[in-house]
Each structure stands twice: as structure tokens, then as C-alpha cells.
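Written out below as C-alpha cells is the structure these notes cover.
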Amino acid sequence: MNASISVLLFGITRDITGQSAVSVPLSDGNRVGDLLQRLQQQYPRLSDIRSLLVAVNGEYADSDTVINSKDEVALIPPVSGG
Amino acid sequence: MIAITTDPIDVASALKLLQADEAGAIDLFLGVVRDKTQERSVDHLEYEAYDRMAISEMRKIVDEANRRWKLLRCVVIHRKGTLRIGEIAVLIGVATPHRADAFDATRYVIDTIKQTVPIWKKEIFSDGEVWVNATP
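Chains as they are written, first to last, in the UniProt record's numbering: chain A, 1 to 82; chain B, 1 to 136.
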């Protein structure tokens, strides 16, 4: 089954893509690492960022975390609060 | 109390929330927008947050501080939106029976917020702009 997932974007990732969310095609069993790779192919300038993490349902996720179509997924560039 | 707000941070109200009869020490840390980063003159900062996750990450930090130091009260307020020089970006307040714990807990909370909480700031200069920490 193929679906797509909307990925929330913040900070520099929003500026690079020009959007606050992008839709990424998703196949069964796709992992966080696959998603990052696909986004970096689509938007090569994402590779310029010092580090790029992914949050799934509001929690930091490892690159081997499996993504489901109902998950809330977000790209987390280096944080700079405070 | 843990909050993200677009309104100016009210220090007096935060202090009221920290007062407790058993508190012998109340520490307040204010993170403030400063001029001059690497000799460039800052016009203003733009803060943005992934609100839902920022709140839950700040909750984790306060819970851990509570485990380590037994806080009587703790207040964390982070502002987002447009901030000008001199404005308060973040307030950390901690009340404990004795001062050593208040100092340690306050430092732990602000240091960890800067490492893990999904909040971002962009510095806007007269001649350009940059997302802080984003690129090498």
C-alpha cells in the first residue's frame, strides 16, 4: 500500500523548502532514515544543515523507527531556544 | 507552570507563582535578547516553536529537575514571535528550601532547554538574517 505523509517543517527547513509542511510518498515499512533520504534528494540544501532530527508524534525518533501514515512527523533542525 | 507565549513575559506574575512558605530560596533566570552577535548588529529576533513537542520536552526537563532536587515550585515560560533587544525570551523560576538547589536546578533547566526543546531563533541583522546554530 502506498500513501503519503505530511511532514511539518520549522526554522531553516521551512525557509529552504518555502513551506511549513511537505507531502512525502510513504510505503509500508518506511523508516525515519528513508524519509530523511527522500527529503534530502528533493531538497538538496537540507544537507547543508548541521544536523537534522525527526520527531514522530512529538518524540525524537531513531533513524530505524517505522513511520505509519497516521503519525505526526516533523523535521527538527538544530534547536536554538533560550 | 510551563508555557509558550507570544505576549511579553510578566516577571512579577511569575514570581508570585514561585512563592511558597517553605521556600528559603527563589531563583529567577531571564534569557534576554542582546545586540551584537559576532560583531554584527542585531535588529530583532524571530522565535518559533513546535508548540506541542516544546511543551512536552520542557515538561520532561522539569520532571527530571524535580527528581534531582525536590523543587517546591518551578515556572518555565518561553516566548515566541518577534523580540527586540532587551526583551525577555525565556524565564526560568525555581523555589527550593535552600539556595544551592535553586541555583543548580535553574542552571540545569535552562542548559537542557537549549539542548533539546524544539524552539528556533533567527537573528535579523541590518544586512541579512541567520537561523542560529543551523549551519556549520
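Here a beta-carbon is modelled for each residue, glycine too, at the ideal position from N, C-alpha and C.
Residues near residue i in its chain [Cβ-Cβ closer than 6 Å; skip 5 each side]
| i | result |
| --- | --- |
| Leu11/A | Here residue 11/A turns out to be Gly, not Leu, going by the sequence shown. Only Pro77 meet the Cβ criterion. |
| Ile26/B | Leu18, Ala95 |
| Ala55/A | Ala74, Ile76 |
| Ala49/B | Ile4, Lys80, Ile119 |
| Thr74/B | The question names Thr, but residue 74/B in the sequence shown is Cys. For Cys74/B, where only same-chain residues beyond five positions count, the Cβ hits under 6 Å are Val62, Val94. |
Other residues of its chain near residue i: CB distance less than 7 Å, five sequence neighbours each side excluded
| i | result |
| --- | --- |
| Leu53/A | Tyr60, Ile76 |
| Thr37/B | Glu123 |
| Gln83/B | Sequence inspection shows Leu at residue 83/B; the Gln mentioned does not correspond to that position. Closer than 7 Å at the Cβ level, and outside the excluded window around Leu83/B, lie Val33, His44, Leu45, Tyr47, Ala89. |
| Asp35/B | Ser41, Val42, Ile85 |
In DSSP terms, what residue i is bridged to
| i | result |
| --- | --- |
| Ser4/A | Pro25/A |
| Phe29/B | Ile92/B |
| Thr37/B | Arg40/B |
| Tyr47/B | Gly81/B, Lys121/B |
| Gly128/B | Phe125/B |
| Ala12/B | Ala12/B pairs with nothing; no bridge assigned. |
| Thr13/A | Note: Thr13/A sits in no beta bridge, so no partner. |
| Leu75/A | Val54/A |
| Glu59/A | Val56/A |
| Ile2/B | Val76/B |
| Val66/A | Arg31/A |
Close Cβ partners of residue i (< 8 Å) along its chain, the five nearest in sequence each way excluded
| i | result |
| --- | --- |
| Thr6/B | Arg79, Lys80, Gly81 |
| Ser126/B | Ser41, Asp43 |
| Gly33/A | Ser63, Asp64 |
| Arg99/B | Gly24, Ala25, Asp27 |
| Leu39/A | Val7, Val22, Val24, Leu46, Leu75 |
Chain B within 8 Å of residue i, Cβ atoms only
| i | result |
| --- | --- |
| Gly82/A | yes |
| Ala61/A | no |
| Pro44/A | no |
| Asp48/A | yes |
| Gly18/A | no |
| Ile67/A | no |
| Leu26/A | no |
| Val79/A | yes |
| Gly29/A | no |
| Ile12/A | yes |
| Ile76/A | yes |
| Leu39/A | no |
Cβ neighbour criterion (16 or more within 10 Å) applied to residue i
| i | result |
| --- | --- |
| Val62/B | buried |
| Asp101/B | buried |
| Ser13/B | exposed |
| Ala3/A | exposed |
| Thr135/B | exposed |
| Val7/A | buried |
| Asn30/A | buried |
| Gly82/A | buried |
| Arg14/A | buried |
| Met53/B | buried |
| Ser69/A | exposed |
Residue-level contact to chain A via CB, residue i, 8 Å cutoff
| i | result |
| --- | --- |
| Ile61/B | no |
| Ile113/B | yes |
| Gly86/B | no |
| Gly31/B | yes |
| residue 144/B | What is shown of chain B runs 1 to 136, which leaves residue 144/B out entirely. |
| Ser56/B | yes |
| Tyr50/B | yes |
| His78/B | yes |
Interface flag, residue i vs chain E, CB-CB below 8 Å
| i | result |
| --- | --- |
| Ala89/B | Going by chain labels, chain E is absent from the structure shown, which instead holds the protein chains A and B. |
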